[in-house]
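Before any comments, here is the structure.
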Amino acid sequence: MSDQAIGFQFSTPAQQREASTLGMWAFLATEVLFFGALIAAYFNYRIWFGADFIAAASLTKVALGTANTAVLLTSSACMAMAVTSFEAGSRRAPVLWLLATAALGLVFIGIKATEYWLEYQEHLVPALNFDLARYGGTAEIFFVFYFCATGLHALHLLIGISLVSWLAWRIGSGRINRYGSTARLIGLYWHFVDVVWIFLFPLIYLAGRSG
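Position one of the sequence shown corresponds to residue 885 (the working numbering), numbered consecutively onward.
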């Protein structure tokens, strides 16, 4: 359904936009619960294992994690510019901003893939090649959390890249008008994925480097 079409259950476009926005916030609330469970598990293990669990975090690649944080923050700015310029009536500018957003998302995935490869080379991948004798069981538990959390985040980001690319095509072809809610809803999703990373970054990369 395009932004021009109004569902039979809605009396006005404004009512449809409000319902769509509420639906997106409800969806994001379920995602908060999902990632919140992972973060709660992290703190649980951190309490159980204390300094050993925190020390395992020092094995992560903080430079790559920092670079990815900068990339995602920049992508959020691009996404905000895309939505703002689109709702202001422009067609070319939002497409360019959206393409920049998607490109930065792909840069994030590329950096993360490099990081995974380096960790594989160092035998830090649980259930695949983790060197238990060298790093210990606590470190393995940490990296189970690490790969689950960052892998799920990367999956969400790939979904976001697909949505942003689709939106750029729809705007460029004139199939979405600025009065609809599609651009804003996709923007909300993208910002949510970025906020999740803002929480994961200090938990994963900085805990073992606070001293």
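Virtual Cβ for every residue (Gly too), placed ideally from N, Cα, C.
query: Chain-order list of residues whose beta-carbon lies under 6 Å from that of H1040 (same chain, five-residue window excluded); result: V1077
query: N928 Cβ short of 7 Å to the ligand SAM heavy atom set; result: The ligand SAM is not part of the structure shown, which contains no ligands of any sort.
query: With 16 other Cβ atoms within 10 Å as the buried cut-off, status of Y1030; result: buried
query: Every unbroken beta strand (DSSP E) inside the stretch 1014 to 1058 [3 residues or more]; result: none
query: T944 classed as buried or exposed, judged by whether at least 16 other C-beta atoms fall within 10 angstroms; result: buried
query: Residues near R1054 by beta carbon distance below 6 Å, same chain, minus five either side; result: I1060
query: Where H1007 sits in the DSSP three-state scheme; result: coil
query: Span separating the alpha-carbon of T1034 from that of L957; result: 17 Å
query: CB of R930 within 8 Å of CB of I923, strictly; result: no
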